[in-house]
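Chains as they are written, first to last, in our numbering: chain V, 590 to 804; chain E, 590 to 804; chain A, 590 to 804.
Backbone N, C-alpha and C define an ideal beta-carbon position, used for all residues, glycine too.
Structure first, then comments.
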Amino acid sequence: MKNSLLSRFAPKETKFFPMLKQLSKTVASASELLTESLKHSTSEERLDYYRKIKDVEREGDQITNRIFDELGKTFITPFDREDIHDLAFSIDDVTDGINSAAKRIAIYNPREIGDSGKELASLIQQGASLVCKAMDELETFTKNPASLSECCVKLHDLENRADDIYELFITQLFSNEKDCIELIKIKEIMQELEKATDAAEHVGKILKSLIVKYA
Amino acid sequence: MKNSLLSRFAPKETKFFPMLKQLSKTVASASELLTESLKHSTSEERLDYYRKIKDVEREGDQITNRIFDELGKTFITPFDREDIHDLAFSIDDVTDGINSAAKRIAIYNPREIGDSGKELASLIQQGASLVCKAMDELETFTKNPASLSECCVKLHDLENRADDIYELFITQLFSNEKDCIELIKIKEIMQELEKATDAAEHVGKILKSLIVKYA
Amino acid sequence: MKNSLLSRFAPKETKFFPMLKQLSKTVASASELLTESLKHSTSEERLDYYRKIKDVEREGDQITNRIFDELGKTFITPFDREDIHDLAFSIDDVTDGINSAAKRIAIYNPREIGDSGKELASLIQQGASLVCKAMDELETFTKNPASLSECCVKLHDLENRADDIYELFITQLFSNEKDCIELIKIKEIMQELEKATDAAEHVGKILKSLIVKYA
Numbered sequence: 590m591k592n593s594l595l596s597r598f599a600p601k602e603t604k605f606f607p608m609l610k611q612l613s614k615t616v617a618s619a620s621e622l623l624t625e626s627l628k629h630s631t632s633e634e635r636l637d638y639y640r641k642i643k644d645v646e647r648e649g650d651q652i653t654n655r656i657f658d659e660l661g662k663t664f665i666t667p668f669d670r671e672d673i674h675d676l677a678f679s680i681d682d683v684t685d686g687i688n689s690a691a692k693r694i695a696i697y698n699p700r701e702i703g704d705s706g707k708e709l710a711s712l713i714q715q716g717a718s719l720v721c722k723a724m725d726e727l728e729t730f731t732k733n734p735a736s737l738s739e740c741c742v743k744l745h746d747l748e749n750r751a752d753d754i755y756e757l758f759i760t761q762l763f764s765n766e767k768d769c770i771e772l773i774k775i776k777e778i779m780q781e782l783e784k785a786t787d788a789a790e791h792v793g794k795i796l797k798s799l800i801v802k803y804a
Numbered sequence: 590m591k592n593s594l595l596s597r598f599a600p601k602e603t604k605f606f607p608m609l610k611q612l613s614k615t616v617a618s619a620s621e622l623l624t625e626s627l628k629h630s631t632s633e634e635r636l637d638y639y640r641k642i643k644d645v646e647r648e649g650d651q652i653t654n655r656i657f658d659e660l661g662k663t664f665i666t667p668f669d670r671e672d673i674h675d676l677a678f679s680i681d682d683v684t685d686g687i688n689s690a691a692k693r694i695a696i697y698n699p700r701e702i703g704d705s706g707k708e709l710a711s712l713i714q715q716g717a718s719l720v721c722k723a724m725d726e727l728e729t730f731t732k733n734p735a736s737l738s739e740c741c742v743k744l745h746d747l748e749n750r751a752d753d754i755y756e757l758f759i760t761q762l763f764s765n766e767k768d769c770i771e772l773i774k775i776k777e778i779m780q781e782l783e784k785a786t787d788a789a790e791h792v793g794k795i796l797k798s799l800i801v802k803y804a
Numbered sequence: 590m591k592n593s594l595l596s597r598f599a600p601k602e603t604k605f606f607p608m609l610k611q612l613s614k615t616v617a618s619a620s621e622l623l624t625e626s627l628k629h630s631t632s633e634e635r636l637d638y639y640r641k642i643k644d645v646e647r648e649g650d651q652i653t654n655r656i657f658d659e660l661g662k663t664f665i666t667p668f669d670r671e672d673i674h675d676l677a678f679s680i681d682d683v684t685d686g687i688n689s690a691a692k693r694i695a696i697y698n699p700r701e702i703g704d705s706g707k708e709l710a711s712l713i714q715q716g717a718s719l720v721c722k723a724m725d726e727l728e729t730f731t732k733n734p735a736s737l738s739e740c741c742v743k744l745h746d747l748e749n750r751a752d753d754i755y756e757l758f759i760t761q762l763f764s765n766e767k768d769c770i771e772l773i774k775i776k777e778i779m780q781e782l783e784k785a786t787d788a789a790e791h792v793g794k795i796l797k798s799l800i801v802k803y804a
């Protein structure tokens, strides 16, 4: 099976690699804006950061759609068509998660986001860097999968750490917060941040399946 | 690639077109019932409309399952098997979204649904009409994709307008509503309405990918 | 089509059957722990049960990933590759749903879970048994699909009963509960329990599509 698959690596189809790299850069941009946004807490600043993140999210959508269009038109792709589809979709999903969190911060306008929220944003940013690194490895991992494999392990670890931070925060929130509306706001924002780390881990899972199939 | 795909348009497989049209009609019925339901606000009337919408939703499920069963048994389909699957699934998802909103209106029983909710319901109904129109175009779009393409653009625009209405409403809700339980009710209902417009836009995205592949 | 598909049943590929059985056993374990957990209501006990369920959930993930890895490497599988993928994914999703409910019980720490919650947990456990039974039928259903078919019908019925319990409970909750934070807790926990029965029904839907395709 390996040979028949490797034979599908036609040079002219390498256009998917730069598009996937470009897509991973939008995740990095969105995550940097998110981290930056948490240093501000007026409703105007929050709305402003949300708009910037939404622009990046739309750019990510456009790149993803371009990848899907190319997949529809291209007969031979470096991997199975579906693998590139799932990979692009999962990377774009991280940006969507960041956008969902930023949107809720802007329209719910909660009290200042505390340390746990900032830690989750930092984990998302680290996840974004790992996704970028993984896209750099994609062209060569069939010969040397160790580095891509390491990215997957780290994405998994990040998500576990995010889980712990989230669960501890929510436990404390429900035992201490008496303002119901404030609780609703921050609970849902933290949920969205945690989901963005899930999305980054999911990229790692798809990459791991590529290693199993092609390396 | 175009030729090999076009050659898959076997006349005997056109049974998928009437089924998809029939499915789009269930979306239209559900969206009309939803719009109608918002003119009433007793718990009995709401429950009554929810039951009617749930019946339509089940009908949609049955048609979708019939499409899936036929796909499992049919060797040659007008498009790739997976494309018809995704299309049917995405259309049915709009009805599911309408059903979710109607269900919450019935079981949460909030205060009267205001203008923003009615505007979202109107956008959903417009989206449903576009989905019906798109299904009429499906048999001929490979020769003349302009009209189907226009449906996709309009579905995308609808979703953007729904986003704006939703975000403005939620921003105001969180700064004005002091009744926490009422806030929970209306927030989630508006979320479900907005998600139904997302689902309609998603039909448009799948149609756009069909245009790229086959037209 | 039937013959060409049946010819794909190569004896050496039967490794998927024991893995799917093993996966269904994790659903059963998780659902038993969930039922058991509802007899206890201190935060320590809840956290303890959540940890146990999380361990089972991780075990389920590992088995699912092993199935996916094997699918990536195996050329001939008893069914279409995608069917096994969807089946394994959907079974694991039931455990994920149970885990989500248990997690919320642990970190929200609501008042004692009442009869409706216990009834939902019982339906989940019955659903898990049906999934186990279905996996026992999987090796032979192409010759005798009646028993597998019956599992699908029962999974569908369970979900309908769960729906009714859930909707009645939420209607009463919103008209009676005045403690907003308690309402948030129990509402979301009941939602997660109901979603786990949806997930079990979804296994039934996938099995039904296998019957249509292969029996």
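If we count the other Cβ atoms within 10 Å of its Cβ and call it buried at 16 or more, is residue i buried or exposed?
| i | result |
| --- | --- |
| Leu627 of chain V | buried |
| Pro569 of chain E | There is no way to answer for residue 569 of chain E, as the model of chain E reaches only from 590 to 804. |
| Phe664 of chain A | exposed |
| Glu790 of chain V | buried |
| Asp681 of chain V | buried |
| Asp685 of chain A | buried |
| Lys732 of chain A | exposed |
| Thr615 of chain E | buried |
| Glu633 of chain A | exposed |
| Glu671 of chain A | exposed |
| Arg693 of chain V | buried |
| Ser596 of chain E | Annotation note: pLDDT 44 at Ser596 of chain E (below 50); position unreliable, coordinate value reported separately. Looking at its Cβ environment, which holds fewer than 16 other Cβ atoms inside 10 Å, Ser596 of chain E is exposed. |
| Ala735 of chain V | exposed |
| Thr653 of chain E | buried |
| Arg700 of chain V | exposed |
| Leu623 of chain V | buried |
| Arg829 of chain E | Here chain E comprises residues numbered 590 to 804, so residue 829 of chain E is not present and cannot be evaluated. |
Looking at C-alpha atoms only, which residue of the options is the closest neighbour of residue i?
| i | options | result |
| --- | --- | --- |
| Ile687 of chain A | A:Ala785, A:Ile800 and A:Val801 | A:Ala785 |
| Gln715 of chain A | A:Ala619, A:Lys610 and A:Lys604 | A:Ala619 |
| Lys707 of chain V | V:Lys797, V:Met779 and V:Ala789 | V:Met779 |
| Leu719 of chain E | E:Ala677, E:Leu782, E:Arg647 and E:Glu739 | E:Glu739 |
| Met724 of chain E | E:Leu737, E:Glu625 and E:Arg635 | E:Leu737 |
| Asp704 of chain E | E:Asn698, E:Phe657 and E:Tyr755 | E:Tyr755 |
| Asn676 of chain V | V:Ile702, V:Leu622, V:Ile656 and V:Glu783 | First, the residue type needs correcting, since residue 676 of chain V is Leu and not Asn in the sequence shown. Of V:Ile702, V:Leu622, V:Ile656 and V:Glu783, the residue nearest in Cα terms is V:Ile656. |
| Ala751 of chain A | A:Ile713, A:Ile702 and A:Leu727 | A:Ile713 |
| Ala690 of chain A | A:Leu799, A:Glu777 and A:Glu701 | A:Glu777 |
| Cys721 of chain V | V:Val792, V:Asp637 and V:Thr603 | V:Val792 |
From which residue to which residue does the alpha helix (DSSP H) around residue i run?
| i | result |
| --- | --- |
| Ala788 of chain A | Cys769 to Tyr803 |
| Lys643 of chain A | Ser632 to Lys662 |
| Leu623 of chain V | Phe605 to Ser626 |
| Glu728 of chain V | Looking at the DSSP string, Glu728 of chain V is not in any alpha helix (DSSP H), and its letter there is neither H nor E. |
Helix, strand or coil: which one does DSSP assign to residue i?
| i | result |
| --- | --- |
| Asn733 of chain A | coil |
| Pro667 of chain A | coil |
| Asn688 of chain E | helix |
| His811 of chain E | Past the boundaries of the shown model lies residue 811 of chain E; chain E is included only from 590 to 804, so the question cannot be answered. |
| Asn698 of chain V | coil |
| Thr873 of chain V | Nothing can be reported for residue 873 of chain V: it is not among the residues displayed for chain V, which extend from 590 to 804. |
| Glu748 of chain E | helix |
| Asp681 of chain E | helix |
| Glu766 of chain E | coil |
| Gly716 of chain A | helix |
| Gly703 of chain A | coil |
Answer with yes or no whether the minimum CB distance from residue i to chain C is below 9 Å.
| i | result |
| --- | --- |
| Cys740 of chain E | No chain C appears in the structure shown, which is made up of the protein chains V, E and A. |
Cβ-heavy atom distance between residue i and the ligand ADP below 8 Å?
| i | result |
| --- | --- |
| Leu747 of chain V | No copy of the ligand ADP occurs in the structure displayed, which carries no ligand at all. |
- Residues from the region 775 to 803 of chain A in contact with chain E, defined by Cβ distance under 7 Å: Of all residues in the region 775 to 803 of chain A, Ser798, Val801 and Lys802 have a Cβ within less than 7 Å of some Cβ in chain E.
message: Beta carbons nearer than 7 Å to chain E: which residues of the region 643 to 674 of chain V have them?
response: For the region 643 to 674 of chain V, which is checked against every Cβ of chain E, the residues closer than 7 Å are Phe657, Asp658, Gly661, Lys662 and Phe664.
- Message: Along the region 696 to 713 of chain A, where does the CB come closer than 7 Å to a CB of chain V? Name the residues.
- Response: Ile696, Tyr697 and Asn698
Got a sec: which bits of the region 720 to 747 of chain A sit with their beta carbon under 9 Å from any beta carbon on chain E, in order along the chain?
none
Quick one: which residues of the region 676 to 692 of chain E get their C-beta closer than 8 Å to a C-beta of chain A? List them in chain order. Taking 8 Å as the cut-off between beta carbons, the residues of the region 676 to 692 of chain E near chain A are Lys692, in sequence order.
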